[in-house]
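Residue numbers (the numbering used here): 2 to 188.
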């Protein structure tokens with residue numbers, strides 16, 4: 002992706018794929034979930050759109066208690082946190098590193114790796130327990146597939162902020178260039 006610029010996959014891909022019946026978006030943040038995902042999709046005969054990064058990413062967490070079918074994992078959890086960051090794919094890598102290094106108040110991080118029509122009950126319950134949600138994703142924020150996904154079917158939507166790209170006139174360049182031109186800095 003970062004060598005090809007924003008045309009390697011379209012920035013609206015999550016939103017577009019979610020419109021297709023019975024298709025799941027698999028957007029892992031790292032290589033740690035790949036073998037579990039592969040077995041799960043093969044066993045269930047799932048139709049899947051894989052949104053992989055072009056380079057292997059550092060394994061953020063291997064949680065043996067994680068239930069793969071829930072479609073998310075809690076990467077950071079702090080006592081008393083009222084703010085939740087929700088991300089997917091490469092954005093989870095960025096959030097994980099920046100929150101660990103620059104956090105000024107307690108905040109938690111969820112990596113969503115399976116995106117379908119609606120979030121499962123466990124994800125909904127988790128999201129509704131926070132006062133403030135910040136969604137970080139490599140997509141256009143006003144056509145946010147991830148932001149729309151996590152709020153679908155929620156009864157109590159917390160304060161929501163979506164960090165992503167605003168402008169459809171994105172120039173070619175590497176990933177760092179694109180994020181910088183979009184003024185995305187979560188530090």
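Think of the CB as a built atom: it goes at the ideal place given N, C-alpha and C, for glycine as much as any other residue.
Check: Does residue 76 get closer than 9 Å to chain B when you measure Cβ to Cβ?; Outcome: Absent from the structure: chain B. Only one protein chain is present.
Check: For residue 52 versus residue 88, is the C-beta distance shorter than 9 Å?; Outcome: no
Check: Look up residue 50 in the DSSP assignment and give the residues it is bridged to.; Outcome: 26
Check: Whole angstroms are fine: how far does the CA of residue 96 sit from the CA of residue 86?; Outcome: 8 Å
Check: When the distance is taken between beta carbons, is residue 109 closer than 9 Å to residue 131?; Outcome: yes
Check: Going by the DSSP bridge assignment, what does residue 84 pair with across the sheet?; Outcome: 108, 133
Check: Whose CA, out of 128, 99, 119, lies closest to the CA of residue 15?; Outcome: 119
Check: Take residue 152 and list the residues in its own chain whose beta-carbon comes closer than 7 Å to its own, dropping the five residues that flank it on each side.; Outcome: 158, 161
Check: Less than 7 Å between C-beta atoms, sequence neighbours within five positions excluded: which residues of the same chain meet that for residue 57?; Outcome: 32
Check: Straight-line CA distance for residue 81 to residue 129?; Outcome: 15 Å
Check: Let me know if residue 21 comes out buried or exposed under the rule of 16 or more other beta-carbons within 10 Å of its beta-carbon.; Outcome: exposed
Check: Among the candidates 124, 17, 102, whose CA atom is the shortest distance from the CA of residue 68?; Outcome: 124
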